[in-house]
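The C-terminal residue of the sequence shown carries number 860 in the numbering used here, and the numbering is unbroken.
Take a look at the structure set out below.
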Amino acid sequence: MQSGAAIWTGMLLAAVIVVSAAAAPENQAATDEAFSRAASAVVDRVEREDGFSGVILVARGDHVLLRQAAGYSDRERGIRNTPDTKFTIESVTKQFTATAIMMLVQEGKVSLDDPISKYYAASPPAWKDVTIKHLLTHSSGIEDYWVHRHADYYDSDASKLLKSTGDIFRIVQNDPLGFRPGMGFSYSNAGYALLAEVIRKVSGASYEDFLASRIFQPLGMRNSGFGLPPGGAMKGYVRTYPEGVWRPGAPDVLEHVDIAAGAGGIYSTVDDMLIWSLAQGTNELLSEAARSAMFRDYGYNYGFGIRFAPKFGRELIWHTGNDAGAGFAAIFDRFPEDALTVVAMTNNTGITGSTATLLIEGKVQTFPANATRKAVEEVERLYFGREP
Numbered sequence: 473m474q475s476g477a478a479i480w481t482g483m484l485l486a487a488v489i490v491v492s493a494a495a496a497p498e499n500q501a502a503t504d505e506a507f508s509r510a511a512s513a514v515v516d517r518v519e520r521e522d523g524f525s526g527v528i529l530v531a532r533g534d535h536v537l538l539r540q541a542a543g544y545s546d547r548e549r550g551i552r553n554t555p556d557t558k559f560t561i562e563s564v565t566k567q568f569t570a571t572a573i574m575m576l577v578q579e580g581k582v583s584l585d586d587p588i589s590k591y592y593a594a595s596p597p598a599w600k601d602v603t604i605k606h607l608l609t610h611s612s613g614i615e616d617y618w619v620h621r622h623a624d625y626y627d628s629d630a631s632k633l634l635k636s637t638g639d640i641f642r643i644v645q646n647d648p649l650g651f652r653p654g655m656g657f658s659y660s661n662a663g664y665a666l667l668a669e670v671i672r673k674v675s676g677a678s679y680e681d682f683l684a685s686r687i688f689q690p691l692g693m694r695n696s697g698f699g700l701p702p703g704g705a706m707k708g709y710v711r712t713y714p715e716g717v718w719r720p721g722a723p724d725v726l727e728h729v730d731i732a733a734g735a736g737g738i739y740s741t742v743d744d745m746l747i748w749s750l751a752q753g754t755n756e757l758l759s760e761a762a763r764s765a766m767f768r769d770y771g772y773n774y775g776f777g778i779r780f781a782p783k784f785g786r787e788l789i790w791h792t793g794n795d796a797g798a799g800f801a802a803i804f805d806r807f808p809e810d811a812l813t814v815v816a817m818t819n820n821t822g823i824t825g826s827t828a829t830l831l832i833e834g835k836v837q838t839f840p841a842n843a844t845r846k847a848v849e850e851v852e853r854l855y856f857g858r859e860p
């Protein structure tokens with residue numbers, strides 16, 4: 473039997489727990505509100521000083537802390553971006569392609585060890601040992617289609633030279649491999665375009681239709697799709713530094729997004745990308761085993777369509793997309809330990825006076841930051857308690 477003192481102590485402890493539990497949400501709300509105000513001020517400043525043009529979202533779980541637009545989707549007509557503006561996400565597309573492949577893997581229709589020649593009949597003999605897994609992890613040795621020996625295909629007239637995905641394959645399939653499959657890392661958009669071919673071959677649906685019916689619709693991503701954003705494509709810009717002069721991005725890029733299906737070409741909104749981020753922690757699309765395979769570092773800080781890096785003492789799961797010449801870029805950051813998602817999209821890829829540092833492909837790399845990267849870096853430092 474408990475003594476009266478013990479009972480009283482237990483009651484007092486229970487009361488403290490109740491009071492603490494009641495106070496915690498109130499304190500969290502105040503902290504969140506302070507962060508939201510400070511982060512909004514950061515975005516305003518980066519727009520004012522560096523020309524940030526786009527949308528940024530920060531959310532803890534499904535609780536949105538920042539959802540803010542800046543700049544213009546069409547500077548000439550004075551049309552401003554809004555939080556609902558649809559942006560092309562460039563290479564962030566790769567994690568959708570990887571997810572689609574893993575959906576087919578868990579259905580027993582594809583094996584990670586299958587050679588690409590099983591699905592792409594025109595595969596040259598040099599690709600005989602290249603597997604689906606190698607393509608997912610950029611360890612196939614297949615060079616990208618803008619390497620120096622094919623620089624003529626990636627100049628200002630690229631849209632005239634590359635008319636279809638087949639053109640990309642034609643460029644790379646006669647090249648020797650950069651290394652033995654599985655023995656190195658070479659980021660290859662061509663490899664992810666080949667994965668889109670696998671999706672088409674196995675599912676019997678177009679890449680666009682597979683994404684729509686198997687990913688976007690089930691998740692409720694109603695403002696995402698493949699190809700041109702509906703309602704008229706926005707314009708891309710490049711703001712010069714330090715002059716601050718705006719110039720149009722390379723023309724005709726959006727009209728040819730289907731050329732590299734699988735590597736890029738998805739458009740979305742920050743709200744839809746939050747849905748996507750939350751889904752990555754559930755079994756809604758992929759089983760736990762499939763997600764475990766996808767979110768594993770296979771070397772060079774890369775999984776299946778995603779990157780890994782330590783940041784602020786935490787694990788960061790991330791990917792970027794960038795077409796600097798056209799003026800479009802995107803950043804997708806997820807800190808799983810904090811359930812924190814940071815998404816930013818832009819139509820201005822001009823650099824700023826700032827830099828960013830990340831672990832990329834096994835090396836700590838410091839690189840010039842565009843305005844979107846600068847905003848993301850400062851907002852994330854603010855969230856994790858560091859001064860911008």
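Where is the CB? At the ideal position from N, CA and C, for every residue including glycine.
Taking a contact as a CB-CB distance under 8 angstroms, the pair G793 and A781 does not count as one, their CB atoms being some 16 angstroms apart. Within the DSSP secondary-structure output, M817 pairs in a beta bridge with V527 and A802. Assigned with DSSP and collapsed to three states, R517 falls in helix.
Comparing alpha-carbon positions, the option among G704, Y713 and A733 lying closest to F698 turns out to be A733. Taking 8 angstroms as the cut-off, the Cβ atoms of V815 and E852 do not count as close. Counting only runs of 4+ residues, the alpha helix (DSSP H) found wholly inside the stretch 567-611 occupies 604-608, in chain order.
For K558, the secondary structure class from DSSP, reduced to helix, strand or coil, is coil. Taking a C-beta distance under 8 angstroms as the contact criterion, M766 and L758 qualify as a contact pair. Take K600, set aside five residues on each side of it, and the residues of its chain with a beta-carbon closer than 7 angstroms to its own are P587 and S589, in chain order. Per the C-alpha coordinates, the member of S545, I528, Q540 and D522 positioned closest to G721 is S545. For F807, the closest alpha carbon among the candidates Y679, Q752 and S826 is that of Q752.
In this structure, the beta-carbon distance from V742 to D805 does not fall below 8 angstroms. Of H535, L529 and V515, the smallest CA-CA separation from G543 is found for V515. Under the DSSP assignment, K783 falls in the beta strand (DSSP E) whose first and last residues are R779 to K783. In terms of Cα proximity to D795, the closest of T821, I778, P714 and A811 is T821. Note: F839 is bridge-paired with A828 in the DSSP secondary-structure output. In the DSSP annotation of this structure, V717 is not part of any alpha helix (DSSP H), being labelled neither H nor E. DSSP places L538 in the uninterrupted beta strand (DSSP E) bounded by H535 to A542. Under the DSSP definition of a beta bridge, N794 partners with A801. Secondary structure note for S764: it is in no beta strand (DSSP E), and the uninterrupted alpha helix (DSSP H) holding it is E760 to M766. Where V564 is concerned, there is no enclosing alpha helix (DSSP H), because DSSP gives it neither an H nor an E. For the set Y855, S764, L666 and S675, the Cα lying nearest the Cα of G580 is the one of S675.
Residues of the same chain with a CB within less than 8 angstroms of the CB of G550, apart from the 5 flanking positions on each side, are Y544 in chain order. Linking P596 to D647 through their CA atoms gives a straight-line distance of about 9 angstroms.
Annotated three-state conformation of E615 is coil, per DSSP. By the beta-carbon neighbour count (other beta carbons within 10 angstroms, threshold 16), N755 is exposed.
The alpha-carbon of I614 is positioned some 30 angstroms away from that of K783. I687 is positioned such that its CB atom lies closer than 8 angstroms to that of F568. Below 8 angstroms, enough C-beta pairs join the stretch 829-848 and the stretch 520-539 to call them touching: three or more. Residue pairing by DSSP places Y709 opposite P720 and N820 in a beta bridge.
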